[in-house]
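Protein sequence lines correspond, in order, to chains V and W. Going left to right, the first sequence walks through residues 1 to 361 as my numbering numbers them. Going left to right, the second sequence walks through residues 1001 to 1361 as my numbering numbers them. Note that CB positions come from ideal geometry on N, CA and C, so glycine has one too. Note that the coordinates shown come from a computational prediction; the quantities given were computed from them, not determined experimentally.
Number of protein chains: 2
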Amino acid sequence: MNISERKKKILAAVVDEYVRTAEPVGSKAIAERGELHCSSATIRNELAELVSLGYLEQPHTSAGRVPTPMGYRMYVNELMQKQKLSLEETEDINRRMNQKLRELDDTISDVSRLASQLTDYPALALTTRTAVTIKRFDIIYVDANTFIIVVLLSDNTVKNKLVRLPVSVDQKLVQRLSSLFNSGFTGITEDAVTPLLIKSTERAADDTMGVTSVIAAFAIEVLTQAAAPSAYVSGENRLLNQPEFRDPDKAHKLMGYLSGGGYILPPGENLNEAGEIKVLIGPENVAEELKDSSVVIATYDAGDNTRGMIGVVGPTRMDYSAVAEKLSILAAGLSRRLGGGEAPPEGMHNKLIIKGDTGHE
Amino acid sequence: MNISERKKKILAAVVDEYVRTAEPVGSKAIAERGELHCSSATIRNELAELVSLGYLEQPHTSAGRVPTPMGYRMYVNELMQKQKLSLEETEDINRRMNQKLRELDDTISDVSRLASQLTDYPALALTTRTAVTIKRFDIIYVDANTFIIVVLLSDNTVKNKLVRLPVSVDQKLVQRLSSLFNSGFTGITEDAVTPLLIKSTERAADDTMGVTSVIAAFAIEVLTQAAAPSAYVSGENRLLNQPEFRDPDKAHKLMGYLSGGGYILPPGENLNEAGEIKVLIGPENVAEELKDSSVVIATYDAGDNTRGMIGVVGPTRMDYSAVAEKLSILAAGLSRRLGGGEAPPEGMHNKLIIKGDTGHE
DNA sequence: ATTAGCACTCGAAAGGAAAGAGTGCCAACA
DNA sequence: TGTTGGCACTCTTTCCTTTCGAGTGCTAAT
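Rendered as structure tokens:
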């Protein structure tokens, strides 16, 4: 579907203006911007056509125009001018990110918080870990009743647990178990941890006190937990900044959905390539609760063939280009930190490739 | 200040009714409850006196009465009938708590989430760790570029970090460092980790690659982080359920304060004894943002002479007794899990001792 | 000391008029 | 054929007025 250059300019102006003011925008307001060199009457005609084409709509007969999801889609795909953050801003973001570099889980939730701060929208971060295995298994003997299990996972995170037993355990037994687990339980996924495997380990270790099953239970817990995607939501309260969520019921519904860790991506849909940005506008979302909100998602590379996503949620009237740019920087930073070998030079970040629905239903 | 039995009953009735309906309560409504055997006119007289005593107030001349903070204080201190949860409810709470028993940090945030669910108010949890030391130091050699630092702290939490170096390191060196740190860095607090100590460890280990300082940095980070109080906030969005926060600006302000980890307790004020409940009503709070909200706080014993608190925030019109009871169960459960040796029998929980301001300014 | 009765007050809800923003359309114009 | 000014029309928003009712305070009777 091709529309004239001028219509595109007008559509872009409507979106820009509406994003800024949250009020339906009228023909006069557009004419006064001075970009189009024509009168408000001309623009009125064009607006009427944009409405009948489905890009805009009128809340009521004598109001200004508001973009439809299809209008936003067009804007995101073609019209939006990629907002370039200034060098200082980019560096500021990177600096703030650098201050947080602990363990994976922490990093992710910190970055989600950062994303929310930067964009002033609620942000969420998901890790989708696939097929995690244990790379290494250690048991540290502390005293007769206490030992620490330390597990290194294939995604290079480390999990541990302090175990205190009501009975005394021989240091030798712990050492035997440590090496048995290290050979028997590494490189396998959760479903390979069978009762049979546990039994045979127990027998091999000559364990009569049931220590083996405690350790095996931890292995299972770790593998299960690591394989499950985890979600972090930050800054739900920023939703209340948006005029479209001044209705507490509406805000509450969406916030509840978000902090419940609701699904964002359409079920079957895969994450993008790292570095790409996905935009889901209003009804393009599957979740009922998101039907009149938009979601911008950046994918990062978490190494080990794993990807995660970081995104923000806001009204359809969202500053897509600013948000996309900021998320892109954050995702690039995460990829750099978590991802595989090659570390792109600081300050660089991935190209802004925007992907999403086509907008035609 | 003594007031008649009947006034107390009437005050209690006003609070109960107002908590339930969030509407100013009139004389007729109280008369119809049937507890006081007198007419609405009599109650009107009493109400007028309660107003002039400062326990109640009128939003405007011809409205019903609403409790003042002083009224709530009287209610909490003397009138409120300790709500006894049914056995099933208590057991349900304990069961749900039992499902979460991982590491300290997780437990706390899970319990905070649980508190929010149970009470339908935003909940927060604070740990105040004091003088944490390292109890044991282990370094696990993984390969020439990689090792894992595992640290057991005096509060029985375990912290770990995976270190990847750009240079190869000798396994012998790692072993030397492991035992040096285990003897030199245990039992000391953060400020005892001096550059001198690090230097001498480095020399003793014959470390020319700077590995020592990496490990020392982790030790410092762990000690700092463990000594810093951490706060978790859950369910901010539940605030929007309360009619007094239907104004999005009000809600936003408070939610922002909460998720910013704002202080709750008056600066100098100590936590209660474990098992006690503290109630801060409206202006009794120090933070400006909390001046017309109430906070209920339960203290738990985190073992090792450390206490933490778990609390909820809501409008002054809060169901104090139900909230206090639920928090009490949660705090007791936490004490049982985290606290020192003796484990009180399941299902039991600490007495409900309520403490707080006296309400006289 | 308690109660019934009644006039009074004040806010919330409902109705209605006026204002204003923006449109749609027509006729004139380049 | 595309553009423009003009103007009547529509529909919301805002403000004002009115009405309604809950609840009070006071007084007089018990």
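Check	Outcome
Along chain W, which residues have their Cβ under 9 Å away from the Cβ of V:A251?	N1237, L1240, P1248, A1251
Could you tell me the distance, in whole angstroms, from the CA atom of W:G1071 to the CA atom of W:N1077?	10 Å
Does the separation of the CB atoms of W:S1293 and W:V1312 fall below 8 Å?	no
Rank W:L1165, W:E1023, W:L1036, W:V1019 by C-alpha distance to the C-alpha of W:E1005 and give the top, closest one.	W:L1036
Verify the CB distance criterion: does V:V25 have a CB-CB separation below 8 Å to chain W?	no
Taking 8 Å as the CB-CB cut-off, is V:I134 touching chain W?	no
Who are W:D1138's beta bridge partners in DSSP?	W:V1150
Of all the CB atoms in chain W, is at least one closer than 8 Å to the CB of V:D138?	yes
Please tell me whether V:S183 has its Cβ less than 8 Å away from any Cβ of chain W.	no
Across the region 46-59 of chain V and the region 104-119 of chain V, are there enough close Cβ pairs to call them in contact, namely three or more that are closer than 8 Å?	no
Nearest chain W C-beta to V:V214 closer than 8 Å, yes or no?	no
Rounded to whole angstroms, what's the CA-CA distance from V:A125 to V:G308? Just pull it up for me.	8 Å
Got a sec: is the Cβ-Cβ distance from W:G1340 to anything in chain V below 8 Å?	Confidence is the limiting factor: at W:G1340 the pLDDT is only 49, short of 50, which leaves the residue's position unreliable and the question unanswerable from this model.
Please report the Cβ distance between W:P1122 and W:L1239, rounded to the nearest whole angstrom; I am assuming they are in contact, meaning their Cβ atoms lie under 8 Å.	6 Å
Take W:R1113 and list the residues in its own chain whose beta-carbon comes closer than 6 Å to its own, dropping the five residues that flank it on each side.	S1234
Any Cβ of chain V within less than 8 Å of the Cβ of W:V1295?	no
How long is the line joining the alpha carbons of V:T212 and V:V111, rounded to whole angstroms?	38 Å
Our contact map puts W:E1373 next to W:L1265 with C-beta atoms below 8 Å; I'd like the distance itself, whole angstroms only.	Shown here, chain W extends from 1001 to 1361; a query on residue 1373 of chain W therefore has no answer.
Using DSSP bridges, identify the partner residues of V:M309.	V:L126, V:T299
Look at the Cβ atom of W:V1158, then the Cβ atom of V:L177, and state whether they are nearer than 8 Å.	no
Determine the direct distance from the alpha carbon of W:I1215 to that of W:E1088, and round the result to whole angstroms.	50 Å
Compare the C-beta of V:N305 with all C-beta atoms of chain W and state if any pair is closer than 8 Å.	no
Could you tell me the alpha carbon to alpha carbon distance between W:N1285 and W:A1041, rounded to whole angstroms?	36 Å
Where does V:S293 fall in DSSP's three states?	strand
Counting along the chain, where does the beta strand (DSSP E) carrying W:R1176 start and finish?	Looking at the DSSP string, W:R1176 is not in any beta strand (DSSP E); the run it does join, the alpha helix (DSSP H), is 1171-1184.
Could you name the residues that DSSP lists as bridge partners for V:D87?	According to the sequence displayed, residue 87 of chain V carries Leu and not Asp. Answer is none; V:L87 lacks a bridge partner.
Indicate whether W:R1317 and W:Y1075 have their beta-carbon atoms separated by less than 8 Å.	no
DSSP puts W:N1156 in a beta bridge; with which residues?	Per DSSP, none; premise fails for W:N1156.
Classify W:G1064: buried if its beta carbon has 16 or more other beta carbons within 10 angstroms, exposed otherwise.	buried
Can you give the Cα-Cα distance for V:R337 and V:R33, rounded to whole angstroms?	44 Å
Determine the DSSP secondary structure at W:E1035, reduced to helix, strand or coil.	coil
Using a threshold of 8 Å, state whether the C-beta atoms of W:S1168 and W:N1145 are closer than that.	yes
So, helix, strand or coil for W:L1196, using DSSP?	helix
Quick check: what's the CA-CA separation for V:A385 versus V:P243?	No answer is possible for residue 385 of chain V: it lies beyond the span of chain V, which begins at 1 and ends at 361.
Can you give me the start and stop residues for the beta strand (DSSP E) that V:L240 sits inside?	Careful: V:L240 lies outside any beta strand (DSSP E) and carries neither H nor E.
For W:N1156, which residues in chain V fall below 9 Å Cβ to Cβ?	T146, L162, R164
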